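Q: Take a look at the following structure, please.
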Amino acid sequence: MSQLDRVAHHSAGDSRLERLRKKPESEREQAIAELIDGMARPQAERLVRSAARTGSEALTAEDAEDVLATVSLRLLTKLRAVAASADEPIERLEEYVTTLTVNTINDHFRRRFPQRTRLKNRLRYTLTRDARLSLWTAGGQLVCGLSRWRGRTAATETPASRDDVTERRLRDRGRPAEALIAYFEHCGAPRRFETVVDLMSVLWHVTDAPAPAAAPAVELAAETTSESRRLLADLWREIVQLPPMQRKALLLNLRHAETSHALDLFVLTGVASHDAIAATLEMARATLESVWSELPFDDIRIAGLLGVTRQQVINLRKSARERLTRRLSRKKVM
Amino acid sequence: MTGENELLDRETRALIASLGEPVEHLDFDAHLAPYADGTLGPAEREIVESHIEDCALCRDELDDLRRHARGAVATRPQWRTMAAAASLAAAVIATVVWTASHTTPPAPVPAPATSAPVRPPETIAYADPEWTRLVQQSLDTSRLPSPEIPPPASGSEVILRGVTPDGSPNGGKLAPSGVVVESTRPTLTWPATRGAAYAVTVLSGRQEIARSGSLTEPRWTVDRDLPRGGTIFWQVEVSKGGTSSLLPSLPTPPPAFRVLGLREHDDLVLARNRHPNDALLLAVLSARYGLTAESRSYLKQIAPSGDPRVRQLVQKAQDLP
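Protein chains in written order, with this note's numbering: chain A, -18 to 315; chain B, 9 to 329.
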């Protein structure tokens, strides 16, 4: 489970969001805007200012604005979904905003410095999979070193000059574990993970080309009052193309404020027949008819049908929604 | 707008708004690393593979990490994962079982000049523990693995009746159908009709994703990359003498095939690069990923082996229709 899921999917919800959900639809957008401008954005701004780093990764003013715009847009999308469905609580809004902002900053760096990101992934993988090495948190920092040092804080003194043998081992990027062990044995103490990444990026000549133009933020389509059926048809086409478990996790739980379950909407508009829905759910038509009045299913029931855990159902549905958001945004549906 | 349309409109917009989810990239600990380890469960694997269809950033990171993971397994003396421990245990068990059932060790497998060599089973140990497991299992059961994901159920082939063939090489069949193909630009063939023109439509779900121009030969190589992992349907419009008809005609369902998924494709490419002469491994992996014809082709390349399990595996596979 990702960090954002852990923050979002606790039992009770944040009381401000409970109040938001109870508001009439006509007042929700205003309430969402007030939450974002009054609480979320100032908090995200503080985090972005403190996240400016020296060395290889640094946030320019333009980067910072890009990150804040992305956080606002992502939060807007999430709050709209929370307001529309009682099934998506956020327990602590401030913590959610913190995690969302940190993730957005990290995503920004992943786009800006892809080679460095890959190097970090490889080093993290080696540090967490080789029994001789370890990666841990100490003193609020990510620290790494030999396994027997686990739990210690990072040393800050500059290590002595390296001899030829150590230097050769360090520069051998084909044997990353041995290179790391050579470095730690030379230092005699754990180091900050970022320090190790900086060193290895120099020794192994890992550089990033000048950053490409940032991808435009996902635009939300202007709502139209005359294309409902086309929107639903586009949505149905994308749902049908979802991988099977995501498709079922989404459809069997799809609910709507004004109708008992949203599958009715597809049938009423003629976008999808009962046969098509049954085929999409890989279910016999007779079976679908027998459970139609029991829809939407709760996650425990869906978990039983799919042979997975409840949390996996939530993750599958989240992944399905992300994919629908990406694809329908390109078509200016969402 | 009538009241009913207003309600429909409002409900539609609200439904679409409720589906919005902030798009995030894959998480290193929850997704990337365990996928590279091969320890991700089917639900999470579906999530990852669905995400990387659209996200080049995560796809590139995952590809890089998988290459790193395979290289790390090959060179590391100590390995923490359960996969490596299982591989070691499997090798030990294989040695014990073999020793218990044989009184004398087998003669070393000769390496014929023109055929692919096969290593004696007790020394089979690939860098990828999953490869080791699959090959060991195939030898133990004398059976190639079943496809991880079955090919689409449109029948093993769509054979037309009542259509006038014109010496077509595929004997009246539409191909590919009911199979997995490796290429994202496969060649489609169908029975010829003398003097006809053809137009091919390729669909994914209900969406048209490729269309040929007017053709005079009963074959077409798709001119754009089809999505990996997806099930593809296709049909041919045959025009002659001012009339046109569809192949296959109703009620025969259209032929369907699946394009090999990204993960499976990467795995096969890696295996071919690392073990280009290991026909047994390539046959096993091809079978696992649904490439039945390719699997049989690799089996034919295996030289006569002193290992009875290899002989039995090859024999049984050749006996199948």
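Quick reminder that beta carbons are idealized off the backbone N, C-alpha and C, glycines included. Note that the coordinates shown come from a computational prediction; the quantities given were computed from them, not determined experimentally.
Could you tell me the boundaries of the beta strand (DSSP E) in which B:Glu245 lies?
A: That run of the beta strand (DSSP E) goes 239 to 248.
Q: Which word fits A:Ala253, buried or exposed, when buried means at least 16 other C-beta atoms lie within 10 angstroms of its C-beta?
A: Buried: at least 16 other Cβ atoms inside 10 Å.
Q: Alpha carbon to alpha carbon, how far is A:Ala135 from A:Arg173? Give it in angstroms, no decimals.
A: Their Cα atoms are separated by approximately 6 Å.
Q: Using DSSP with H/G/I as helix, E/B as strand and the rest coil, what is A:Gly126?
A: Strand, per DSSP.
Q: Between the Cα of A:Ser115 and those of A:Gly126, A:Gly121, A:Gln122, A:Arg143, spot the shortest distance and give me the residue it belongs to.
A: Minimum Cα distance to A:Ser115 is reached at A:Gly126.
Q: Please report how far the alpha carbon of B:Leu307 lies from the alpha carbon of B:Leu147, in whole angstroms.
A: Spanning the two alpha carbons is a distance of roughly 13 Å.
Q: Let's test the definition: count the other Cβ atoms within 10 Å of the Cβ of A:Ala42 and tell me whether it reaches 16, buried, or not, exposed.
A: It counts as exposed.
Q: State the beta-bridge partners of B:Ala295 as determined by DSSP.
A: DSSP, once it has assigned bridges, lists no residue as partnering B:Ala295.
Q: Please say whether A:Leu235 and A:Leu249 have beta carbons closer to each other than 8 Å?
A: The answer is no: Cβ separation not under 8 Å.
Q: Between the segment 272 to 290 of chain A and chain B, which residues of the former have a C-beta closer than 7 Å to a C-beta of the latter?
A: Flagged, chain order: Val289.
Q: If you measure from the beta carbon of B:Gly213 to each beta carbon in chain A, is any gap under 8 Å?
A: So, interface residue.
Q: Around the Cβ of B:Arg277, are there at least 16 other Cβ atoms within 10 angstroms (buried) or fewer (exposed)?
A: Strictly speaking, residue 277 of chain B in this sequence is Val, with Arg absent from that position. The residue is exposed, with fewer than 16 neighbouring Cβ atoms inside 10 Å.
Q: Do you know offhand how far B:Tyr297's Cα is from A:Thr137's?
A: For B:Tyr297 and A:Thr137, the distance between alpha carbons rounds to 51 Å.
Q: On a Cα-Cα basis, can you pick out the residue from B:Ser154, B:Val244, B:Val318, B:Gln215 that is closest to B:Leu299?
A: Here the closest residue by C-alpha is B:Ser154.
Q: Starting from A:Arg302 and walking both ways along the beta strand (DSSP E), at which residues does that stretch end?
A: Where A:Arg302 is concerned, there is no enclosing beta strand (DSSP E), although the alpha helix (DSSP H) it sits in stretches over 291 to 311.
Q: Kindly say whether B:Thr20, judged by its beta-carbon, lies nearer than 8 Å to any beta-carbon of chain A.
A: Yes, B:Thr20 lies at the interface with chain A (some Cβ there is under 8 Å from its Cβ).
Q: Please report the straight-line C-alpha distance between A:Arg92 and B:Ala295, rounded to a whole angstrom.
A: Rounded to the nearest angstrom, the two C-alpha atoms are 38 Å apart.
Q: Leaving out five residues before and five after A:Lys101 in sequence, what residues of the same chain have Cβ atoms less than 6 Å from its Cβ?
A: Taken in chain order, the residues that qualify are Val178.
Q: Quick one: measure Cβ to Cβ for A:Pro157 and A:Leu233, integer angstroms, because I've assumed they're closer than 8 Å.
A: Their Cβ separation, rounded to whole angstroms, is 44 Å, which puts A:Pro157 and A:Leu233 out of contact at 8 Å.
Q: Quick one: give me the first and last residue of the beta strand (DSSP E) that B:Ala218 is part of.
A: Per DSSP, B:Ala218 belongs to the beta strand (DSSP E) from 215 to 219.
Q: Could you name the residues of chain B that A:Asp88 contacts, counting a contact when the two beta carbons are closer than 9 Å?
A: Per Cβ cutoff of 9 Å: Glu32, His33, Leu65.
Q: Output needed for B:Ala98: all residues of its chain with C-beta closer than 7 Å, excluding positions within five of it in sequence on either side, in chain order.
A: Interpretation of B:Ala98 is limited by its pLDDT of 45, a score under 50 that renders its predicted location unreliable; the figure taken from the coordinates is listed afterwards. Thr140, Arg141, Gln144, listed in sequence order.
Q: Quick check on DSSP: helix, strand or coil for B:Val210?
A: Looking at B:Val210 - three-state DSSP - the assignment turns out to be strand.
Q: Would DSSP call B:Trp198 helix, strand or coil?
A: Three-state result, B:Trp198: coil.
Q: If you follow the beta strand (DSSP E) that B:Val230 is in, where does it begin and where does it stop?
A: Taken as a continuous stretch (DSSP letters only), B:Val230 belongs to no beta strand (DSSP E), as it is neither H nor E.
Q: Could you please tell me which residues of the segment 89 to 110 of chain A, in chain order, have their CB closer than 8 Å to any CB of chain B?
A: Result list: Arg91, Arg92, Pro95, Thr98, Arg99, Asn102, Arg103, Arg105, Tyr106, Thr107, Thr109, Arg110.
Q: Helix, strand or coil: which one does DSSP assign to B:Ala205?
A: Residue state, collapsed to three classes: strand.
Q: Beta carbons nearer than 8 Å to chain B: which residues of the segment 4 to 33 of chain A have them?
A: Within the segment 4 to 33 of chain A, the residues whose Cβ lies closer than 8 Å to some Cβ of chain B are Glu6, listed in chain order.
Q: Below 8 Å CB to CB, which residues in the same chain sit around B:Ala207 once its five sequence neighbours on both sides are set aside?
A: Cβ neighbours of B:Ala207 beyond the five flanking positions: Arg219, Ser220, Gly221, Ser222, Leu223, Val244, Glu245, Ser247.
Q: Taking 8 Å as the CB-CB limit, is B:Asp72 close to chain A?
A: Chain A, which has a Cβ nearer than 8 Å to the Cβ of B:Asp72, makes this yes.
Q: Quick check: the Cα distance between A:Arg61 and A:Val289, rounded to an integer number of angstroms?
A: Whole-angstrom Cα-Cα distance: 28 Å.
Q: According to DSSP, simplified to helix, strand and coil, what is B:Leu223?
A: Strand, per DSSP.
Q: Use the C-beta contact count for B:Leu182: other C-beta atoms within 10 angstroms, 16 or more gives buried, fewer gives exposed.
A: Looking at its Cβ environment, which holds 16 or more other Cβ atoms inside 10 Å, B:Leu182 is buried.
Q: Just verifying my parser: in three-state terms, what is the DSSP assignment at A:Phe247?
A: Of the three classes helix, strand and coil, the one that applies to A:Phe247 here is helix, per DSSP.
Q: Where does B:Phe265 fall in DSSP's three states?
A: It is a strand residue.
Q: In angstroms, rounded to a whole number, what distance separates the CA positions of B:Glu32 and B:Ala204?
A: Those two C-alpha atoms are separated by around 51 Å.
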